[in-house]
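Visitor: Structure below; questions to follow.
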Amino acid sequence: MIYKVSHRTTYKYVYPVSVGNHVACLKPRSSAQNYVVHNTLNIQPAPVTYTERVDYFGNTLCFFTVQEPHKKLVVEANSEVVVTPDTSISDRASLPWEQSTDCLALDHSVECLDAYQYQFESPRIRIRPDFAAYALESFTPQRPMREALLDLTTRIYKDFRFDSKVTTVRTPTEEVFKKRRGVCQDFAHVQIACLRSIKIAARYVSGYLRTYPPPGKPRLIGADASHAWVSAYCRGVGWLDMDPTNNVAPTDGHVTLAWGRDYGDVSPLRGLILGGGGHSLNVEVDMEPIEG
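If you're matching positions, the sequence shown starts at 76 in my numbering and goes up one per residue.
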């Protein structure tokens, strides 16, 4: 499946901003399953400086400075991405889950060293006994890794309710776990916390989700969604992606943007401004299939 993806972020300020330094994480990662044909980033007002670099996790970050006084900032990323799901992974993901835990500390291969860093706490995700207890209801002794991971994904989907009004980007994962409500970012954090609490390496994936209009209704431009899901490391297989918000293993309806330890590593746009006062934020995402 080939998609044209547009991600438009608009900030409106009460008072003029005299200078703004920003970091954008809006260039999709390229991989065998997520090949980026091209990407452009349009910024208004035009920045006086603009640089790109690859961060520690392999994501492309764009650093820019706007010095023209402005009451509105618009950042629009446009990409063309070819999504090709790995359909063979389910046949290879049959090892008992325990084989993907302590082995990472002993295996010095590049793959395992990379996965090992995702076993530990991060700024937004803590390792706790209650997370472990919840996970172990799915991860019973010697259960195949993918089967256990699917079961945990389904339980989070059933036990938690999507509610965009009860959390913010700063809500602790422990609070989400207690309230059983939140959004995709929260559910991804909860699942990662559960996995890390039983020594399974798990990372946070940001990206886009294709949505579908109700039957008989037209497709609305800009109504698709930025999204978040989970990737867990399985020894002998690699990374297994799961989407607890929708109870699916991501296929050709998910486009990967970036990954890291938690949301803080991959937030789409962040920065510091001088002036502005209060502000409003509007985000529009459009995923248009152009083949198949």
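Ideal placement from N, C-alpha and C gives every residue a C-beta, glycine not left out.
Fair warning: this is a prediction, and the values are worked out from it, not measured in the lab.
Decide yes or no for the touch test of the stretch 137 to 145 against the stretch 94 to 106: beta carbon pairs closer than 8 Å, at least 3 of them.
Guide: Touching, yes.
Visitor: Considering only DSSP beta bridges, list what K102 is partnered with.
Guide: K102 is bridged to T135.
Visitor: In the DSSP assignment, the beta strand (DSSP E) including K253 goes from what residue to what residue?
Guide: Taken as a continuous stretch (DSSP letters only), K253 belongs to no beta strand (DSSP E), being part of the alpha helix (DSSP H) at T248 to K254.
Visitor: In terms of DSSP beta bridges, what is M362 paired with?
Guide: V80.
Visitor: For M362 and T115, I'd like the C-alpha separation in whole angstroms.
Guide: Each residue's alpha carbon lies about 15 Å from the other.
Visitor: Let me know the secondary structure DSSP gives I348 once reduced to three states.
Guide: I348: strand per DSSP, three-state reduction.
Visitor: State the Cα-Cα distance for the pair E359 and L211, rounded to the nearest angstrom.
Guide: Approximately 38 Å between the Cα atoms of the pair.
Visitor: So, are the CB atoms of N109 and T286 less than 7 Å apart?
Guide: No, these two residues do not count as a Cβ contact at 7 Å.
Visitor: Per DSSP, E173 forms a beta bridge with which residues?
Guide: DSSP lists no partner for E173.
Visitor: Please report the residue range of the alpha helix (DSSP H) in which A208 lies.
Guide: That run of the alpha helix (DSSP H) goes P204 to L211.
Visitor: For S175 and E151, what's the separation of their Cα atoms in angstroms?
Guide: Each residue's alpha carbon lies about 40 Å from the other.
Visitor: So, I275 versus A307, is the Cβ gap smaller than 7 Å?
Guide: Contact flag set, yes.
Visitor: Opposite N322 in the DSSP bridges: which residues?
Guide: Per DSSP, none; premise fails for N322.
Visitor: In this structure, does DSSP put D340 in helix, strand or coil?
Guide: The answer is helix: DSSP assigns D340 an H, G or I state.
Visitor: Using alpha carbons as the reference points, say which of F195, L188, D299 and D177 lies closest to C269.
Guide: Of F195, L188, D299 and D177, the residue nearest in Cα terms is F195.
Visitor: Which residue wins for smallest C-alpha separation from P279, given the options D234, D337, M220 and P247?
Guide: Correcting the residue identity first, residue 279 is Tyr in this sequence and not Pro. That would be D337, whose Cα lies nearest to the Cα of Y279.
Visitor: From what residue to what residue does the beta strand (DSSP E) around K147 run?
Guide: Its beta strand (DSSP E) spans residues H145 to V158.
Visitor: By DSSP, does K274 sit in helix, in strand, or in coil?
Guide: The answer is coil: DSSP assigns K274 none of H, G, I, E or B.
Visitor: Using 8 Å for Cβ pairs, my map puts K87 next to S355. What's the rounded Cβ distance?
Guide: Going by Cβ atoms, the distance from K87 to S355 rounds to 5 Å, so yes, they are a contact pair.
Visitor: From V157 to L284, what distance separates their C-alpha atoms?
Guide: Cα-Cα distance, rounded: 14 Å.
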